[in-house]
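Visitor: First the structure, which I've put down as structure tokens, then a few questions once you've had a look.
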Amino acid sequence: MKVLVDTSVWSLALRRRSQAADDAPLVRELEDLLLDSRAALVGIIRQELLSGISDKTTFTRLKNRLTILEDEEVLPEDYIQAAEYCNECRSKGIQGSAVDFLLCAIAARNDWEIFTTDKDFQYYAKHLPIKLH
Numbered sequence: 000m001k002v003l004v005d006t007s008v009w010s011l012a013l014r015r016r017s018q019a020a021d022d023a024p025l026v027r028e029l030e031d032l033l034l035d036s037r038a039a040l041v042g043i044i045r046q047e048l049l050s051g052i053s054d055k056t057t058f059t060r061l062k063n064r065l066t067i068l069e070d071e072e073v074l075p076e077d078y079i080q081a082a083e084y085c086n087e088c089r090s091k092g093i094q095g096s097a098v099d100f101l102l103c104a105i106a107a108r109n110d111w112e113i114f115t116t117d118k119d120f121q122y123y124a125k126h127l128p129i130k131l132h
């Protein structure tokens, strides 16, 4: 089964200069997913990872490192499902970003797990048909 890797996990492995000891197991898990060809990446996550990098050399290095993965397909119905998920969660008093709900929709459609350190996904999982890694 593929695992949709959120920006928070990629950032631990790719963007931070020094990694805390607590982060090491997460980084190792991402490495294992990559070695097993189970890590999934979508364009919006690629964009988030590359955004805000002012140094061109650092930007190019990260962009090149990410070329090992192709972007998974995002369908028009994923955006509609994401809006429905947003409305469902909002009706339960749970706020989230458009990107978060899009990831939920993509993962649910493909029956993938979501690998994230973002605690908001724990709240989404109580009301949406998603699985966390």
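According to numbering that gives the first Met the number 0, the stretch in the sequence shown is residues 0 to 132, in order. Note that CB positions come from ideal geometry on N, CA and C, so glycine has one too.
#1: Whole angstroms are fine: how far does the CA of residue 107 sit from the CA of residue 72?
#2: So for residue 129, helix, strand or coil by DSSP?
#3: How many angstroms separate the CA atom of residue 10 from the CA atom of residue 27?
#4: Rounding to the nearest angstrom, what Cα-Cα distance links residue 119 and residue 54 in this structure?
#5: Identify which residue in 75, 44, 89, 38 has its Cα closest to the Cα of residue 126.
#6: Contact check, residue 112 vs residue 0 under 8 Å by CB: the rounded distance?
#7: Give me the Cα-Cα distance between residue 87 and residue 39, rounded to the nearest whole angstrom.
#8: Please state if the CB of residue 81 and the CB of residue 104 are separated by a distance shorter than 8 Å.
#9: Which residues bound the alpha helix (DSSP H) around residue 26?
#10: Quick one: what's got a C-beta closer than 6 Å to residue 114's C-beta in the same chain, skipping five residues either side?
Guide: The answer reads as follows:
#1: Within the sequence shown, the letter at position 73 stands for residue 72. Within the sequence shown, the letter at position 108 stands for residue 107. Roughly 13 Å separates the two Cα atoms.
#2: As a first step, residue 129 must be located in the sequence shown, where it is residue number 130. Correct three-state label for residue 129: coil.
#3: Position 11 of the sequence shown, counted from the start, is the residue given in the question as residue 10. Position 28 of the sequence shown, counted from the start, is the residue given in the question as residue 27. Taking the straight line joining both Cα atoms gives about 13 Å.
#4: For the purposes of this step, residue 119 is taken as residue 120 along the sequence shown, with counting starting at 1. For the purposes of this step, residue 54 is taken as residue 55 along the sequence shown, with counting starting at 1. For residue 119 and residue 54, the distance between alpha carbons rounds to 31 Å.
#5: For this step, residue 126 is matched to residue 127 along the sequence shown. Taking only the C-alpha atoms, the option nearest residue 126 is 89.
#6: Here residue 112 is taken as the residue at index 113 of the sequence shown, counted from 1. Here residue 0 is taken as the residue at index 1 of the sequence shown, counted from 1. Residue 112 to residue 0, Cβ: 7 Å. Contact.
#7: On the sequence shown, residue 87 is found 88 positions in, with the first residue counted as 1. On the sequence shown, residue 39 is found 40 positions in, with the first residue counted as 1. C-alpha separation (whole angstroms): 25 Å.
#8: For the purposes of this step, residue 104 is taken as the residue at position 105 of the sequence shown. For the purposes of this step, residue 81 is taken as the residue at position 82 of the sequence shown. Result yes, Cβ atoms of residue 104 and residue 81 sit closer than 8 Å.
#9: Here residue 26 refers to the residue found at position 27 of the sequence shown. Segment 23-34, the alpha helix (DSSP H) holding residue 26.
#10: One-based indexing of the sequence shown puts residue 114 at position 115. The residues are 2, 4, 8, 132.
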